[in-house]
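Peer 1: The structure's right below; bear with me while I get my questions together.
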Ligand code: GDP
C-alpha cells in the first residue's frame with residue numbers, strides 16, 4: 325500500500341473515545357524498545373510520527389493512527405518495562421484487556437519481537453493472552469538487518485517454536501532500517517481487512 329495520508333486521530337484510554345466509523349483496525353503490541361515505533365513509522369513512511377509512548381511517566385494510551393481513510397493502526401503501550409509501578413501495570417492490563425476483548429473492528433494483532441533473540445517471557449505471555457481471546461496474530465520479527473540473512477530462517481524457527489505459534493498465524497521478517505518485509509506486511513494485512 326502506498327501511504328501518503330496519516331493522522332493521529334486520538335490517544336484513547338477508554339472505549340467511549342475509540343473512533344466510530346467502523347474502519348478495520350490492527351493493534352501493535354511489543355515489549356518496550358523492541359522497535360515498535362520504528363516499525364509503525366516505516367510502514368506509514370514517516371520519520372517520527374509514532375513516538376515511544378511506553379516510557380515510564382508517559383501517559384499510557386491507545387494511539388489511533390488513521391491511514392488513508394482505510395484502516396487504523398492502534399499503537400498499544402509497550403510491555404515489560406521493569407521500572408513501571410504495579411499500579412501502572414494494572415491500569416495498562418485493564419486498558420488493553422478491555423480493548424482486545426471488546427473491539428469488533430480489531431482484525432488482527434501485530435506482535436513485534438526481535439528476530440535476533442528468542443521471545444522473552446513477556447512476549448510469550450502476550451502471545452498466549454492473544455490466543456486465549458482467539459485474536460489472529462501476525463508476528464513481526466524486526467531488526468533483521470542486525471543479523472546475517474543466512475541466519476534468518478533459523479532464528480525464525482526459534483521464535484515459532486518458543487511462541488508455540490498456532491496454525492494460521494505467520495511470522496514476517498522485518499527491518500525498519502532496510503524496509504525488508506514491508507510489502508509482506510501490507511499483503512498480510514490485506515487478507516484480514
Ligand atoms: P519501541 O520502544 O518499541 O517503540 O522501540 P523504537 O522503535 O523506539 O526502537 C528502539 C531502538 O531500536 C531505537 O534505537 C531504534 O533506532 C532501534 N531499531 C528499531 N528498529 C530497528 C531495526 O529494524 N533495525 C535496527 N538496526 N535498529 C532498529
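Numbering (my numbering), first residue to last: 325 to 517. Ideal Cβ positions, reconstructed from N, Cα and C, are used throughout, including at glycine.
Any chance the CB of residue 469 is under 7 Å from a heavy atom of the ligand GDP?
Peer 2: Here residue 469 refers to the residue found at position 145 when the chain shown is read from its first residue. Yes, since a heavy atom of the ligand GDP falls inside the 7 Å radius drawn around the Cβ of residue 469.
Peer 1: Give the range of the alpha helix (DSSP H) segment to which residue 426 is assigned.
Peer 2: Along the chain shown, one-based indexing puts residue 426 at 102. 410-426 is the span of the alpha helix (DSSP H), which, as asked, contains residue 426.
Peer 1: What does the Cβ neighbour count give for residue 327, buried or exposed, with the cut at 16 atoms within 10 Å?
Peer 2: Locating residue 327 in the chain shown gives position 3, where the first residue counts as 1. Under this definition residue 327 is an exposed residue.
Peer 1: Go through its chain and collect everything with a Cβ distance to residue 516's Cβ below 6 Å, but skip five positions before and after it.
Peer 2: As a position in the chain shown, residue 516 is number 192, starting the count at 1. Excluding positions up to five away in sequence, the list reads 431, 432.
Peer 1: Answer yes or no: do residue 307 and residue 439 have a C-beta to C-beta separation smaller than 8 Å?
Peer 2: Look at the range of the chain in this structure, 325 to 517, and you will see that residue 307 is not part of it.
Peer 1: Run the proximity test for residue 358: is its beta-carbon closer than 7 Å to any non-hydrogen atom belonging to the ligand GDP?
Peer 2: Position 34 of the chain shown holds residue 358. Checking every heavy atom of the ligand GDP against the Cβ of residue 358, one is found closer than 7 Å.
Peer 1: Answer yes or no: do residue 351 and residue 388 have a C-beta to C-beta separation smaller than 8 Å?
Peer 2: Position 27 of the chain shown holds residue 351. Position 64 of the chain shown holds residue 388. At least 8 Å separates the beta-carbon of residue 351 from that of residue 388.
Peer 1: State yes or no: is the C-beta of residue 444 nearer than 7 Å to some heavy atom of the ligand GDP?
Peer 2: For the purposes of this step, residue 444 is identified with residue 120 of the chain shown, where counting begins at 1. Not so, every heavy atom of the ligand GDP lies at least 7 Å from the Cβ.
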